[in-house]
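If you're matching positions, the sequence shown starts at 75 in the working numbering and goes up one per residue.
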Amino acid sequence: MLENMLYSGCSSIGSCKEALSGLVLHFSEGGSGAQPCEAAWIGCPKGEDVNSPPVHVYVSHSSYATMKQVYAPLANVEVSPLHFLETELDAQAILSMMALGSSESAPLYMHSILSILRELGEGFTYRGFLSEIDKAKKDMNPAQKAMLSQRLALLDSFVLPEQGRKKSLFRNGQLTVVDLSDPFIDPTSACSLFEIVTRLFVRSKTNAGKFLVVDEAHKYLSANRGDTGLTKALTSLVRQQRHLSMRVVISTQEPTAVPPVLMDLVSIAIFHRFSSPAWWEAVAKRVCADVSAAQGFEQVVKLKTGQALVLCPSGLGLFTTTRRTPSGAVVHGKPQVAHFGQRYMLMKTRRKITVDGGASIMALNG
């Protein structure tokens with residue numbers, strides 16, 4: 075899918091007149107055992123006659139040296155520490171880092187922050203906000219000060235002065251990967267940072283269309299926390315994507331971990347082979363499918379390498395209609411273009427034109 079959206083002028087994989095601008099959100103185990111985001115291999119074509127799109131990976135500055143080594147095998151990938159300019163941060167970014175879901179359930183010190191943000195209003199600046207926070211700390215007890223400092227410390231470590239970064243995070247035809255695999259960043263903090271990055275991506279001015287990939291979603295999204303800022307942001311994007319010239323792709327190995335509010339908005343579901351009945355039920359019951367749970371699961375279990383089962387009610391296909399004559403005979407009509415509706419389709423994936431970074435490594439060779 076990424077190849078078709080980023081490789082233009084490559085007739086062997088289809089027609090793409092202009093490469094899109096892409097953002098991939100990735101979070102996994104950090105440290106020396108970290109693995110590169112599989113999407114980053116899109117910048118490593120197998121053939122020399124193919125022009126690869128630029129791939130820029132942004133990582134946390136605390137793990138920059140480690141992650142640079144992790145991505146070293148990917149020759150055409152640029153790795154940089156993730157930093158926000160002060161001018162890119164607004165009041166919503168502060169609320170994201172505070173992980174504030176509702177003002178009704180917020181602790182007392184959070185009400186002070188909300189009051190400061192209201193007073194700053196449209197004149198919000200990051201430095202001005204920090205100045206007001208220092209004044210407000212005088213009326214807080216030690217426990218409140220510690221909690222506030224802990225929440226702001228992470229954001230402050232990702233902020234650079236205006237002259238810190240010379241170019242935008244996003245460009246036409248570029249794949250931007252934000253990889254927050256870091257032992258010092260937990261899933262909640264990763265979600266807050268992803269929410270800020272996603273908002274900047276939506277605001278970015280590019281001439282081409284955009285796509286957002288939520289990679290390994292089960293590692294930071296949770297079905298039990300459907301009211302988080304990132305979940306709300308993704309839900310809003312999916313609902314408005316046709317107005318924003320954007321498409322959203324959610325990749326997961328555990329669909330039961332994806333918030334139901336997102337599953338309800340799925341327009342295309344692609345299943346590769348798996349052996350958990352609960353996974354089929356979690357998705358199929360939220361996407362129109364004229365197939366029983368037992369039949370659908372049986373089809374998924376039988377899938378071979380490279381095959382997938384696709385549910386896409388609004389998709390178009392060529393279908394043969396049938397009707398019965400008064401005598402009971404079945405008559406097949408001419409094939410006609412129609413919506414898939416509750417039908418499903420078995421699909422075979424073509425070979426990649428880029429290096430397969432997610433290829434299986436066998437325990438025994440030969």
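Here a beta-carbon is modelled for each residue, glycine too, at the ideal position from N, C-alpha and C.
None of these values were measured; they are calculated from a predicted model.
Minimum Cα-Cα distance from ARG347 among the listed residues ILE116, VAL340, LEU377 corresponds to LEU377. Excluding five sequence positions before and after SER170, the CB atoms of its chain that fall closer than 7 Å to its own CB belong to SER266, GLU269, ILE270, GLY303, given in chain order.
Out of LEU94, PHE203, MET141, the CA that lies nearest to the CA of SER102 is found in MET141.
Residue burial is scored here from C-beta neighbours: ARG321 has at least 16 other C-beta atoms within 10 angstroms and is therefore classed as buried. The beta carbon of GLU206 sits closer than 6 Å to the beta carbons of ILE190 from its chain, once the five residues preceding and following it are set aside; these are given in chain order. Between HIS130 and THR326 the beta-carbon gap is near 24 Å, outside 8 Å, which marks them as no contact. Going by beta carbons, PRO333 and LEU295 fall inside the 8 Å limit.
Exposure of LEU420 is indicated by the presence of fewer than 16 other C-beta atoms within 10 angstroms of its C-beta. The region 294-368 contains, as complete beta strand (DSSP E) runs of 3+ residues, the segments 320-324, 343-345 (chain order). Nearest to LEU243 by alpha-carbon distance, out of VAL133, GLY117, VAL288, is VAL133. Beta-bridge pairing by DSSP links ARG397 to VAL405. Every alpha helix (DSSP H) of 4 residues or more that sits fully in the region 182-254 is shown, in chain order, as 182-194, 200-210, 216-231. Close CB contacts of ASP164 within its chain, under the 8 Å cut and outside five residues either way in sequence, are with PHE198 (chain order). Apart from the 5 residues on each side of it in sequence, VAL411 sits with its Cβ closer than 7 Å to the Cβ of LEU390, LEU392 in its chain, given in chain order. For the set VAL276, THR330, TRP353, VAL323, the Cα lying nearest the Cα of HIS317 is the one of VAL276.
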